[in-house]
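Q: Before we start, here is the structure in question, set down as structure tokens.
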Amino acid sequence: MSFVARHTPPPPLCHAVPQVWSLDVNASCTRLVTGASDNQLRVWALDSQQGEKDSVAAAMVIDGEEEESGGGGGGDGGEEGVVAVYMGSVARQGNDRAARVRFHGGGPLLGVQGAGKVLEVFRVRNEAQAKKKMKRRLKRAKEKASLKAAAAAAAASAEGTDDVDGARGEGGAAAASTLTDGIVAGDELESSVVLRTDHRVRSFDFAPSMTASSSSGGRRGGRGSGGDGDGDGDGLDSTRVLVSLHNNSMEVWGLEGCCRAGAGKASKKVKGVGEEDGGGDAAAAAAAAASRMMVLDLQGHRSDVRAVAVSSDGAMVASVSHGLAKAWSARTRQCVRSAPCGFGLTVAFAPGDRHLLVGTKEGNLQIVDLGSGEMIQDYAAHEKAIWSIDLRPDGKGLVSGSADRQVKFWDFEVANGNLGLVHTRSLKVTDDVLCVRYSRHKQQSKLLLAVALLDSTVKVFHDDSLKFFLSLYGHKLPVMSMDISDDGALLATGSADKTVKIWGLDFGDCHRSLLAHDDSIMSVRFVRGTHYLFTCSKDKTVKHWDADHFEKILTLKGHQSEAWTLEVSPDGSFVLSGGHDRSLRLWRRTEEMVFLEEEREKEMEGLFESELDRDDVAAPGADGLALPAPQRKPEGAEEGGDGDGGAQQAESGPATKRSLESVKAGERLMDALELAELELKLVREEERAAAKARRRGEPAPPARRPNPILLNLSPVRYVLRTLQMIKTPELEQALLVLPFSQVESLANFLVRLLAAGLEIELCARCAVFLLRVHQARIVSTGSMVVVLDALRNNLRRQLEASRDVVGRNMAGLRILGRLAEEDKNSYLMESEEDRLAKRMRQA
Numbered sequence: 007m008s009f010v011a012r013h014t015p016p017p018p019l020c021h022a023v024p025q026v027w028s029l030d031v032n033a034s035c036t037r038l039v040t041g042a043s044d045n046q047l048r049v050w051a052l053d054s055q056q057g058e059k060d061s062v063a064a065a066m067v068i069d070g071e072e073e074e075s076g077g078g079g080g081g082d083g084g085e086e087g088v089v090a091v092y093m094g095s096v097a098r099q100g101n102d103r104a105a106r107v108r109f110h111g112g113g114p115l116l117g118v119q120g121a122g123k124v125l126e127v128f129r130v131r132n133e134a135q136a137k138k139k140m141k142r143r144l145k146r147a148k149e150k151a152s153l154k155a156a157a158a159a160a161a162a163s164a165e166g167t168d169d170v171d172g173a174r175g176e177g178g179a180a181a182a183s184t185l186t187d188g189i190v191a192g193d194e195l196e197s198s199v200v201l202r203t204d205h206r207v208r209s210f211d212f213a214p215s216m217t218a219s220s221s222s223g224g225r226r227g228g229r230g231s232g233g234d235g236d237g238d239g240d241g242l243d244s245t246r247v248l249v250s251l252h253n254n255s256m257e258v259w260g261l262e263g264c265c266r267a268g269a270g271k272a273s274k275k276v277k278g279v280g281e282e283d284g285g286g287d288a289a290a291a292a293a294a295a296a297s298r299m300m301v302l303d304l305q306g307h308r309s310d311v312r313a314v315a316v317s318s319d320g321a322m323v324a325s326v327s328h329g330l331a332k333a334w335s336a337r338t339r340q341c342v343r344s345a346p347c348g349f350g351l352t353v354a355f356a357p358g359d360r361h362l363l364v365g366t367k368e369g370n371l372q373i374v375d376l377g378s379g380e381m382i383q384d385y386a387a388h389e390k391a392i393w394s395i396d397l398r399p400d401g402k403g404l405v406s407g408s409a410d411r412q413v414k415f416w417d418f419e420v421a422n423g424n425l426g427l428v429h430t431r432s433l434k435v436t437d438d439v440l441c442v443r444y445s446r447h448k449q450q451s452k453l454l455l456a457v458a459l460l461d462s463t464v465k466v467f468h469d470d471s472l473k474f475f476l477s478l479y480g481h482k483l484p485v486m487s488m489d490i491s492d493d494g495a496l497l498a499t500g501s502a503d504k505t506v507k508i509w510g511l512d513f514g515d516c517h518r519s520l521l522a523h524d525d526s527i528m529s530v531r532f533v534r535g536t537h538y539l540f541t542c543s544k545d546k547t548v549k550h551w552d553a554d555h556f557e558k559i560l561t562l563k564g565h566q567s568e569a570w571t572l573e574v575s576p577d578g579s580f581v582l583s584g585g586h587d588r589s590l591r592l593w594r595r596t597e598e599m600v601f602l603e604e605e606r607e608k609e610m611e612g613l614f615e616s617e618l619d620r621d622d623v624a625a626p627g628a629d630g631l632a633l634p635a636p637q638r639k640p641e642g643a644e645e646g647g648d649g650d651g652g653a654q655q656a657e658s659g660p661a662t663k664r665s666l667e668s669v670k671a672g673e674r675l676m677d678a679l680e681l682a683e684l685e686l687k688l689v690r691e692e693e694r695a696a697a698k699a700r701r702r703g704e705p706a707p708p709a710r711r712p713n714p715i716l717l718n719l720s721p722v723r724y725v726l727r728t729l730q731m732i733k734t735p736e737l738e739q740a741l742l743v744l745p746f747s748q749v750e751s752l753a754n755f756l757v758r759l760l761a762a763g764l765e766i767e768l769c770a771r772c773a774v775f776l777l778r779v780h781q782a783r784i785v786s787t788g789s790m791v792v793v794l795d796a797l798r799n800n801l802r803r804q805l806e807a808s809r810d811v812v813g814r815n816m817a818g819l820r821i822l823g824r825l826a827e828e829d830k831n832s833y834l835m836e837s838e839e840d841r842l843a844k845r846m847r848q849a
């Protein structure tokens, strides 16, 4: 559907606030409703038939204006479209922006979602109901007008004015001037019910069909299809609406009686099931009601996923968030157990994979039994948040690091049939602990413990004696996560400074520092038994690295917000990540081969195209090009008169898009022009040297060897070959890449090509496009006058010659066509005897 970019009649300022956030068209394509940053809903009436009728008249008006102004560009007034007539606005109850506006596909309802916790449902009256509402509105307006006129007359008589009739007429005329004949937006839209949810609304959708509510059966029975039009006619006045909330849950609301007249007089504040209304009588409340029928919230997290873990066999995964710990099946990806907990910041499976160990923001260590889904132990382990826990390689204990500047060591114990923890020792450090990690040595004497501190350093200790071993410094911001390879040779640290550093644990030397992400790195994990590395970041990506060759292998994009955590399965078959979007994403390893060069090319192309989309600003002019002066802003026009700072935004543009291929084609053309110019310069120098030698009677200098890059072509032919290699849809965008200094060079080559009669159509297209784009620069500098004069003469001569050739060919084809037609007719008119005689003569 296309809309005509004009209004009939001209409306007032429809959207005083420029940000239009949402719009929708009803099922019959007769009404358009828009929602903006204010609390007003604007309504337009759409008429396609009127658009067809007005297209001819509009074209005549536009043509007349162009003739008066002397404009040379053709308008689009003859284009048929849809006329949008402004009908007015309707106020919403909320004062925030309208984030989403949607019509019900099968019923007279309109839903408007605000930016907060409100979803307002409007009833859309049919034509008969709207006319009845209009008549009542006009009647009330006339009564108010008569009252105002009488008041004006009384005031005039009290002042002693003789012209009482004139005062009455002026008062009545002033009041009547505010009347609007015809149906307006308020006649069609009526607020029916307002839904207020517990969390912010993300989106909503109506059920496809409507049903008859049980509470309106008797009322429908007394009103047939020929009633007064207050009902919906067929008794279908109830439906359901699905609401998606920002806490990753969905709610189904039932709307009862929302299509009846007077439904908007019901309670304006509707809450969930069992909550009182707070206003309105029982009869009004029965007119329209909304109830929360069901809530879908068991499968996912209600807040950010802060930590994940994988069981020892890779069959189960766990995740924690604010107040909730969940266990999932890695094969079916279904939630198998949910259990309450504190504000979880870190999680791990206990040995045996039957319990979860959760470190909370309150400083507690909690043990969750996966069999019963209950928290069986809760230890006040630290005074502040526990940022990290890690199991000892022998499976007999764990270590925890907290913001209270302590590292505590715990051993597992079984008491009364339940798993428990026993605090064995503590390590006091100089700053907050952000991450702790054990090495994977089996021997207790070689076991190392790495501790990342808030001062951006990593301290390495011997686990048995807690003797200091290494201090790793080099990060500019604190280390958020780290991991040690299975062979104990490498330590990888990810920091808030966006870098990953690979350290050797033998001497503490930094092997390489990689600028890995565009934002803080939140988690780092090695693949078991390898030096392959996975990282996740606040830039919403998960990346795969080779820590031996310091190369990036893959970039995994999928998160809609910050990625907080990740974990790799023991066999490396999948990677689990979670983040701020409250989702868990499972990345499985495939058998597909990965070629690093291809991945680099794809990444570079993606970066380049994203920059093109960001910087792809059209050249001046209404169609994305530099246009002649008559089509620009008229002289004497007020600056900023268009309401947007004087900038005139184009409504259309050329049917081309700047792409990587077009830019590469432009660069190849630039290289060809530079090479051809250099070759012509060398040829001229060689000719001057030969002429100078002849004048002096000396032997001619040896001939210069041809340039192999030119492929045994002359410079002019080489430029022509480069132009021919550019695809037709990419030619204009490739020419836009050329700087103005090389535009003059290309014009010189076009003159040479036209003089030789080569590729006239291609040369003409290039010349016309370059003149349109660089018209202002050419006129202001005047350096291309001689070139343009030669280009005009050669182009006109070649085009006239081509026109003559085409004309002769067309005339010859017409003659051949007539001869063929005559032969066909003569064959049909010949008798059998004549054809037999002709064949005998030919034999």
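When we follow the working numbering, the leftmost residue of the sequence shown carries the number 7, and every step to the right adds one. For each residue, glycine too, the CB sits at the ideal point set by N, CA and C. In this text the structure is predicted, and so the values were computed from the model without any measurement.
#1: What do you reckon, are the CB atoms on aspartate 193 and arginine 106 nearer than 8 Å?
#2: Can you give the Cα-Cα distance for aspartate 524 and alanine 191, rounded to whole angstroms?
#3: Please give me, in chain order, every unbroken run of the alpha helix (DSSP H) with length at least 4 that falls completely inside the region 510–543.
#4: Are the region 296–305 and the region 558–570 touching by the rule of at least three beta carbon pairs closer than 8 Å?
#5: Can you tell me where the beta strand (DSSP E) with cysteine 264 in it begins and where it stops?
#6: Serine 309 and asparagine 253 - do their beta-carbons sit closer together than 8 Å?
#7: Just to confirm, is the Cβ distance from alanine 333 to methionine 322 under 8 Å?
#8: Identify every residue that forms a DSSP beta bridge with leucine 453.
#9: Keeping to the same chain, check which residues put their C-beta closer than 7 Å to that of valine 326; ignore five residues upstream and five downstream.
#10: Between the alpha carbons of phenylalanine 746 and histidine 780, how many angstroms are there, rounded?
#11: Helix, strand or coil for lysine 465? Go by DSSP, reduced to three states.
#12: Under the rule that 16 or more other beta-carbon atoms within 10 Å means buried, what is phenylalanine 418, buried or exposed?
#13: Classify leucine 363 as helix, strand or coil using the three-state DSSP reduction.
#14: By how many angstroms is the C-alpha of isoleucine 382 removed from the C-alpha of alanine 356?
#15: DSSP beta-bridge partners for alanine 90?
#16: Going by alpha carbons, who is nearest to threonine 430 out of Phe210, Gly306, Val413 and Ser250?
#17: Closest by CA to lysine 473, which one among Leu455, Ile821, Ala826 and Gly578?
#18: Taking the C-alpha atoms as reference points, what is the distance between arginine 722 and histidine 565?
#19: Which residue wins for smallest C-alpha separation from glutamine 804, given the options Leu115, Val793 and Cys769?
#20: Which first and last residues belong to the alpha helix (DSSP H) in which serine 786 is found?
#21: Can you say whether phenylalanine 513 is buried or exposed, counting buried as having 16 or more other CB atoms within 10 angstroms of its CB?
#22: How long is the line joining the alpha carbons of glutamine 848 and arginine 814, rounded to whole angstroms?
#23: Ordered along the chain, which non-local residues of its own chain (more than five positions away) have a Cβ less than 7 Å from that of alanine 761?
#24: Quick one: using the 10 Å Cβ neighbour count with 16 as the cut-off for buried, is serine 378 buried or exposed?
#25: DSSP three-state call for isoleucine 490: helix, strand or coil?
#26: Sort Ala695, Leu742, Asp437 and Ser575 by Cα distance to lysine 670 and report the nearest one.
#27: Under three-state DSSP, which class holds leucine 842?
#28: For the beta strand (DSSP E) containing glutamate 126, list its first residue and its last residue.
#29: Does the beta-carbon of phenylalanine 601 have 16 or more other beta-carbons within 10 angstroms, so that it is buried, or is it exposed?
#30: Could you tell me the alpha carbon to alpha carbon distance between isoleucine 508 and serine 451, rounded to whole angstroms?
#31: Could you check whether the region 114–126 touches the region 139–148, counting it as contact only if at least three pairs of C-beta atoms, one from each stretch, sit closer than 8 Å?
#32: Do leucine 675 and threonine 734 have their CB atoms nearer than 8 Å?
#33: Should valine 887 and phenylalanine 532 be called a contact, given that it needs their Cβ atoms to be closer than 8 Å?
#34: State the start and end residues of the unbroken alpha helix (DSSP H) segment that holds serine 668.
#35: Thinking just about the alpha-carbon of each residue, which of Arg778, Leu717, Leu716 and Ala796 is nearest to the one in phenylalanine 850?
#36: Where does alanine 851 land, buried or exposed, given buried means 16+ other C-beta within 10 angstroms?
A: On the basis of the data shown:
#1: no
#2: 49 Å
#3: none
#4: no
#5: First-last for cysteine 264: undefined, no H or E at that position.
#6: yes
#7: yes
#8: According to DSSP, which records beta bridges pairwise, leucine 453 is partnered with nothing at all.
#9: Arg312, Ala313, Cys347, Gly350, Val353 and Val364
#10: 8 Å
#11: strand
#12: buried
#13: strand
#14: 13 Å
#15: Leu52
#16: Val413
#17: Leu455
#18: It should be pointed out that residue 722 corresponds to valine in this sequence rather than to arginine. Valine 722 and histidine 565: Cα-Cα distance of roughly 53 Å.
#19: Cys769
#20: 781–787
#21: exposed
#22: 34 Å
#23: Asn800
#24: exposed
#25: strand
#26: Leu742
#27: helix
#28: 124–130
#29: exposed
#30: 24 Å
#31: no
#32: no
#33: Beyond the ends of the chain as shown, which are 7 and 849, falls residue 887; an answer cannot be given.
#34: 666–702
#35: The structure shown has nothing for residue 850, since the chain only spans 7 to 849.
#36: Examination of residue 851 is not possible in this model, given that the chain is present from 7 through 849 alone.
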